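Taking it in order: structure first as structure tokens, then the write-up.
Protein chains: 2
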Amino acid sequence: MRQIHFLSKIEKGLFPVLVACLVTPNLQAQQHDFLSAKESDPIKMGWMQGFPTPKEKVLSVADGSFFSFPGLRYSVVHMREFLPTVNVSRGPDKPAPFTYELDPKIDALEFLPWGENKTMTWEQSLWKNYTDGILILHKGKIVYERYFGALTEKNVHAVMSLTKSFTGTLAAILVAEGRLDPNKLVSFYVPELKKSAFGDATVRQVMDMTTALKYSEDYADPKAELWDFSAAGNPFPKPKGYKGPVGYYAYLETVKKQGKHGEAFGYKTVNSDALGWIISKVTGKSVAQLLSENIWSKIGMEEDAYYQVDALGVPFAGGGLSAGLRDLGRFGQLILDMGKWHGKQIIPMAAVADIEKGGSKEAFAKSGHSGLKGWSYRDMWWITENADSAFAARGVHGQTIYIDPKAEMVLVRLASHPVAANSANDPYSLPAYQAVANYLMRKEK
Amino acid sequence: MRQIHFLSKIEKGLFPVLVACLVTPNLQAQQHDFLSAKESDPIKMGWMQGFPTPKEKVLSVADGSFFSFPGLRYSVVHMREFLPTVNVSRGPDKPAPFTYELDPKIDALEFLPWGENKTMTWEQSLWKNYTDGILILHKGKIVYERYFGALTEKNVHAVMSLTKSFTGTLAAILVAEGRLDPNKLVSFYVPELKKSAFGDATVRQVMDMTTALKYSEDYADPKAELWDFSAAGNPFPKPKGYKGPVGYYAYLETVKKQGKHGEAFGYKTVNSDALGWIISKVTGKSVAQLLSENIWSKIGMEEDAYYQVDALGVPFAGGGLSAGLRDLGRFGQLILDMGKWHGKQIIPMAAVADIEKGGSKEAFAKSGHSGLKGWSYRDMWWITENADSAFAARGVHGQTIYIDPKAEMVLVRLASHPVAANSANDPYSLPAYQAVANYLMRKEK
Chain A
1 MRQIHFLSKI
11 EKGLFPVLVA
21 CLVTPNLQAQ
31 QHDFLSAKES
41 DPIKMGWMQG
51 FPTPKEKVLS
61 VADGSFFSFP
71 GLRYSVVHMR
81 EFLPTVNVSR
91 GPDKPAPFTY
101 ELDPKIDALE
111 FLPWGENKTM
121 TWEQSLWKNY
131 TDGILILHKG
141 KIVYERYFGA
151 LTEKNVHAVM
161 SLTKSFTGTL
171 AAILVAEGRL
181 DPNKLVSFYV
191 PELKKSAFGD
201 ATVRQVMDMT
211 TALKYSEDYA
221 DPKAELWDFS
231 AAGNPFPKPK
241 GYKGPVGYYA
251 YLETVKKQGK
261 HGEAFGYKTV
271 NSDALGWIIS
281 KVTGKSVAQL
291 LSENIWSKIG
301 MEEDAYYQVD
311 ALGVPFAGGG
321 LSAGLRDLGR
331 FGQLILDMGK
341 WHGKQIIPMA
351 AVADIEKGGS
361 KEAFAKSGHS
371 GLKGWSYRDM
381 WWITENADSA
391 FAARGVHGQT
401 IYIDPKAEMV
411 LVRLASHPVA
421 ANSANDPYSL
431 PAYQAVANYL
441 MRKEK
Chain B
1 MRQIHFLSKI
11 EKGLFPVLVA
21 CLVTPNLQAQ
31 QHDFLSAKES
41 DPIKMGWMQG
51 FPTPKEKVLS
61 VADGSFFSFP
71 GLRYSVVHMR
81 EFLPTVNVSR
91 GPDKPAPFTY
101 ELDPKIDALE
111 FLPWGENKTM
121 TWEQSLWKNY
131 TDGILILHKG
141 KIVYERYFGA
151 LTEKNVHAVM
161 SLTKSFTGTL
171 AAILVAEGRL
181 DPNKLVSFYV
191 PELKKSAFGD
201 ATVRQVMDMT
211 TALKYSEDYA
221 DPKAELWDFS
231 AAGNPFPKPK
241 GYKGPVGYYA
251 YLETVKKQGK
261 HGEAFGYKTV
271 NSDALGWIIS
281 KVTGKSVAQL
291 LSENIWSKIG
301 MEEDAYYQVD
311 ALGVPFAGGG
321 LSAGLRDLGR
331 FGQLILDMGK
341 WHGKQIIPMA
351 AVADIEKGGS
361 KEAFAKSGHS
371 GLKGWSYRDM
381 WWITENADSA
391 FAARGVHGQT
401 IYIDPKAEMV
411 LVRLASHPVA
421 ANSANDPYSL
431 PAYQAVANYL
441 MRKEK
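First to last, the protein sequences are chains A and B.
If you count by UniProt numbering, then the first sequence holds residues 1 to 445, one letter each, in order.
If you count by UniProt numbering, then the second sequence holds residues 1 to 445, one letter each, in order.
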């Protein structure tokens, strides 16, 4: 019983559902004696297996165990079995196969983890980071692909806040199509938000999370607004006496302003849900429907994806998506290829160019993301601003789509790290990605 | 406000989730001045539409509105957005297209509804029965296909107790494969059920619902056991102080015996869930996984299906399936063709033969199904025992797969009739099916 998730007490409260989707990326990892990746293998642990499942192997939403480590290692690939969801259809087409050029040398690549003085191999980093699935595409071909834990090539994995980059991309598409004006105020598109903090923010400020919101995602603070947001979005019947807002939208209307918009980056999930609302107002469609129409049905996906929904059926644009590893790779490749898929322009090149140009480094620096020095944030993507012009979609517990244009590399990692905040795994993953990118570039010469 | 669902008061109780799946087929339809099919069109009514959905258009699990008429006309095609579910994958293959030979003459076919003296046309019957989707296959070709209400060719519809016929078919497959002995006692396969009413019943008695169970599905009785079953299976966190069993399996262990097994047919949903448990014990797989492996991934399905699950992730084998109209047609054709699909034997011919041979008419007659005189029940299929040897899968609110071997016809109807019990729509549907069958046979001559 030595592994206790550091959030478990809070997660076992009334509204655990959204917890893992909301953790701020700069939340400091705490040292704990967690079970290792091998020890916590969800299949070996036997979660939810057997007819019936033995009591001690049951994961439950009611007591929060479904999203506490190590149980979450099972739940990340079974979200729909715990929660209401809405489908993101891949449509009737046959999946587009990948070409494989697997490179067995990648496993032995060495890198120096941040803050350490001893190198680690790529393969070791996968275990260190509780990887569930890892895919590396180089020039569109699969050079590396592995599955661990409960993930297989046939199922989907919760991508947590990586969802935000899909929301941002959908918005960037609308901007590129001239249907959404990023300079307009949010209240122009969503009059319901006029009195909230979002009312006098521009769409661009929401897209880049430079809004000034009285909204804390600090898990250590029981009065943090995230708990109210979580309670509002919880899809289960509300407890007796609940008087708060019901659903994401209703919660967004209550968000208060704190400071001045446009000055500093502040990573707050509610921006993504506000952007989801804006998108739906502009198009008359849910983000789930739009994601299917614009992307999921267009690039040979092999599995339908899905979103968690609130009690009103609204998809959780800030963190509710589950998708397959290779399908996330297809999406990454679409972005790397400036919106083209197999030679055909699927989404506007201008939308991808807008992401790639990055956001304000000054605004980002003010956010105190000490681990991600010099980065920026644009259209709900994380921009490394490094020599390779790499950028990423990121979600807690280690989810990422990492795109390195210079190396022509797309890397997807799905994971179930015991610590939600990516600051716990970044030291063992970001330099590892760079090592693979460098190797692939060297190989070309 | 003239339309009040006759079950709505009960459905608005604590555990509305399973209600509509459990209604006994001999529950008498009550006369009410319901909105007509056109008046209650769920798209026109605007359920769950808009960003946000206006309050009066919200359907909710919490207050039972999601499964009260007329709201249920929306919910039948959106179950997963309200409830946790598990996927039934169609696999990676491209859908198998149908050949169309649409016959516009079918709409004008006339038939005499039971107990009436004025004929009705086929097309009128569709509106009368609140049809959401109707498909007729003749010799494997589509001769008729229409969508109404919230159903489209792209989404899935709750099939309610029609689910039972899938459970029965999976069991019949195992019997045909020699993996399940129908003459063995249930307790041989599920020791946990030894002390329950199922303990000394044979698997065959469960398959044909001739078990003698102290279990009432009488909605008029607030003490009926169905409420306990429903409470146990409800996937949402249990209310404070709940002391009952959690999950379908745990409930089944509490079912008491009343009478002697094997004498009379008694339509009780718990038999299907007991059979689902037996199937999972034999195979080590859930019914969802088995349905995917044995059928859904084998016959060119175009949409994944899904099951509602309980809080332990167990699929509701008695009524939890949602599936697409044409996919149900493919399944019906597979059965009509004795387990062959496009010339290939997919499920054992013996399994289908066992269904088609029917059950005990004597046992059935004792059940008091006054509307279905002379029928029998076998492997969780309804056998008409008519001149065409027709048999059917049936679910409340009007769901059916109706197979007429003599006419080489498979008919699928999905519906959202305001009255759950099929006795409300049988007078306007069963003679209509026969009229189409007769027409198709005449046409051949």
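For each residue, glycine too, the CB sits at the ideal point set by N, CA and C.
If you're wondering where the values come from, they're calculated on a predicted model, not measured in any experiment.
Check whether the Cβ of residue i lies closer than 9 angstroms to any Cβ atom in chain B.
i: serine 60(A); result: yes
i: lysine 195(A); result: no
i: leucine 312(A); result: yes
i: proline 95(A); result: yes
i: arginine 204(A); result: no
i: serine 8(A); result: No answer about serine 8(A) holds up, because its pLDDT of 34 lies below 50 and its placement is not dependable.
i: arginine 326(A); result: no
i: lysine 238(A); result: yes
i: tyrosine 249(A); result: yes
i: tryptophan 277(A); result: yes
i: serine 68(A); result: no
i: glutamate 192(A); result: yes
i: lysine 105(A); result: no
I'd like to know whether the C-beta atoms of residue i and residue j end up nearer to each other than 9 angstroms.
i: alanine 323(B); j: glutamate 303(B); result: yes
i: threonine 163(B); j: leucine 321(B); result: yes
i: alanine 197(B); j: lysine 281(B); result: no
i: isoleucine 355(B); j: alanine 172(B); result: yes
i: proline 315(A); j: valine 61(B); result: no
i: proline 42(B); j: glycine 149(B); result: yes
i: glycine 343(A); j: aspartate 208(A); result: no
i: leucine 291(A); j: glutamate 153(A); result: no
i: phenylalanine 51(A); j: glycine 284(B); result: yes
i: glycine 262(B); j: serine 161(B); result: no
i: methionine 409(A); j: leucine 137(A); result: yes
i: valine 270(A); j: phenylalanine 229(A); result: yes
Considering only residues of the same chain and omitting the five flanking positions on each side of residue i, which have a CB-CB separation below 6 angstroms?
i: serine 40(B); result: Pro70, Arg73
i: leucine 328(A); result: Ile401, Val412
i: asparagine 155(B); result: Val77
i: glutamate 123(B); result: Asp107
i: asparagine 425(B); result: Asn129, Gly398, His417
i: tyrosine 433(A); result: Tyr402, Leu411
Is residue i close to chain A, meaning its C-beta is less than 9 angstroms from at least one C-beta of that chain?
i: arginine 73(B); result: no
i: aspartate 304(B); result: yes
i: glycine 199(B); result: no
i: arginine 179(B); result: no
i: methionine 48(B); result: yes
i: asparagine 87(B); result: yes
i: tryptophan 122(B); result: no
i: lysine 281(B); result: yes
i: threonine 99(B); result: no
i: lysine 214(B); result: no
i: phenylalanine 82(B); result: yes
i: glycine 318(B); result: no
i: histidine 78(B); result: yes
On the DSSP letters alone, give me the boundaries of the alpha helix (DSSP H) that residue i sits inside.
i: valine 282(B); result: 269-283
i: serine 429(A); result: 426-444
i: arginine 394(A); result: Looking at the DSSP string, arginine 394(A) is not in any alpha helix (DSSP H); the run it does join, the beta strand (DSSP E), is 391-395.
i: threonine 167(A); result: 163-176
i: alanine 420(B); result: Taken as a continuous stretch (DSSP letters only), alanine 420(B) belongs to no alpha helix (DSSP H), as it is neither H nor E.
i: alanine 37(A); result: Unbroken run through alanine 37(A): none, as it is neither H nor E.
Could you pull the start and end residues of the beta strand (DSSP E) that residue i belongs to?
i: methionine 409(A); result: 409-415
i: glycine 329(A); result: Note, glycine 329(A): premise wrong, no beta strand (DSSP E); alpha helix (DSSP H) at 325-336.
i: aspartate 132(B); result: 131-138
i: isoleucine 401(A); result: 399-404
Mind checking who residue i pairs with in its DSSP beta bridge?
i: valine 382(A); result: Here residue 382(A) turns out to be tryptophan, not valine, going by the sequence shown. Answer by DSSP bridge pairing, in chain order: Tyr377(A), Ala392(A).
i: glutamate 145(B); result: Leu135(B)
i: glutamine 308(A); result: Thr85(A)
i: alanine 357(A); result: Contrary to the premise, residue 357(A) reads as lysine rather than alanine in this sequence. Per DSSP, none; premise fails for lysine 357(A).
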